[in-house]
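To start, the structure itself, in C-alpha cells.
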Amino acid sequence: MNTIAVIDFETTGLSPARGDRATEIAAVLLRDGQIVDRYQSLMNAGLSIPPFITQLTGISTSMVRQAPPAERVMAEVADFVGTIPLVAHNAAFDSRFWDAELRRIGRQRHQSFVCSMLVAKRLMPQAASYKLGNLVAMAGLPTAARAHRALADAEMAAHLTLHLERELMRRFGLDSVTHELLGRIQRASAGGLQGCVERHLRERKMGMIKV
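Following the UniProt record's numbering, the numbering of the sequence shown begins with 1 at its first residue and continues without gaps.
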C-alpha cells in the first residue's frame with residue numbers, strides 16, 4: 001500500500017537554529033488516495049509565544065503551558081509516522097523543525113520529504129500564488145475554518161497532495177503515484193515535467209524502481 005504522512009508545524013518563529021521551537025504538530029496519513037488517520041497536539045517547549053505568533057495562529061503562552069512536554073509529543077508523533085515518507089507544504093521549513101525536535105529526543109529522520117508547494121509549481125504553473133490556502137481555493141478543495149493551526153493546515157496540504165496525485169494520473173495515464181515520483185517532480189526543471197514522468201515510467205517498466 002502507498003502510504004505517506006503529511007505534516008505541519010506551528011512554531012515560535014522561522015528557524016530552530018535561532019532558538020525557535022515547535023508549538024504544535026499535526027500528521028495526516030494518506031493511503032491509496034484517502035485520509036486514514038491523524039495525529040495532533042500542542043507541545044510545551046518551555047518558551048513564551050510572541051504576540052505576533054498568537055495573532056497569526058491563536059496559540060497563546062497559556063495554551064502551550066497546559067500542553068504535554070515537547071519531548072513527549074515529538075516521540076509520539078515520530079512513533080505515529082514511523083518510517084512513512086513525509087510531505088509538507090514548504091517542506092524546507094517543516095523539515096528543519098522536524099529534524100531539530102527529533103534531535104532533542106535523540107532520534108533522527110530516516111525518510112525523505114516531498115514539498116507539495118514545489119510539486120504544485122510543476123503541475124499548477126498558472127497559479128498566481130503558491131501559498132497553501134490559495135492553491136486549495138484554486139483547486140476547489142476543502143478549506144479549513146482557521147488556517148495556521150497544524151491540523152487544519154496538514155489536512156489542507158493532504159487534500160492538495162491528493163489533488164496533485166490525481167492530476168498526474170489524469171495527465172499521464174498513471175494507475176498510482178508514489179512518493180518517489182513526487183520527489184522527482186519537485187526537483188524537475190520548469191519545463192521538465194513530461195520527461196521526468198517518462199523516465200520514471202521507463203525505470204518502473206524495467207524494474208529499476210518499486211511500484
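Glycine residues also receive a C-beta, built at the ideal position from the N, C-alpha and C atoms.
Because the structure is a prediction, the values reported are computed rather than measured.
- With a threshold of 16 other beta carbon atoms within 10 Å, Q186 meets it and is buried.
- Scanning its chain for C-beta atoms nearer than 6 Å, with the 5 sequence neighbours on each side dropped, one finds around R38 the residues V28, in chain order.
- Per DSSP, the beta-bridge partners of P69 are N44.
- Runs of the beta strand (DSSP E) lying entirely within the region 2 to 33, each at least 3 residues long, are 3 to 11 and 22 to 31 in chain order.
- Rounded to whole angstroms, the separation of the alpha carbons of G13 and D20 is 5 Å.
- Between the C-alpha atoms of L201 and P51 there is a straight-line separation of about 50 Å.
- Rounded to the nearest angstrom, the Cβ distance from A144 to A157 is 10 Å, too far for a contact under 8 Å.
- One alpha carbon belongs to L30, the other to N134, and they sit about 22 Å apart.
- D37 is bridged by DSSP to L29.
- Per DSSP, the continuous alpha helix (DSSP H) segment holding L102 begins and ends at A91 to R104.
- Following the DSSP letters along the chain, one finds A152 inside the alpha helix (DSSP H) bounded by residues A150 to F172.
- Scanning its chain for C-beta atoms nearer than 6 Å, with the 5 sequence neighbours on each side dropped, one finds around T83 the residues H110 and Q111, in chain order.
- Looking only at L181, E155 and N44, the smallest Cα-Cα distance to E165 is reached by L181.
- Taking the CA atoms as reference points, F80 sits about 9 Å from A5.
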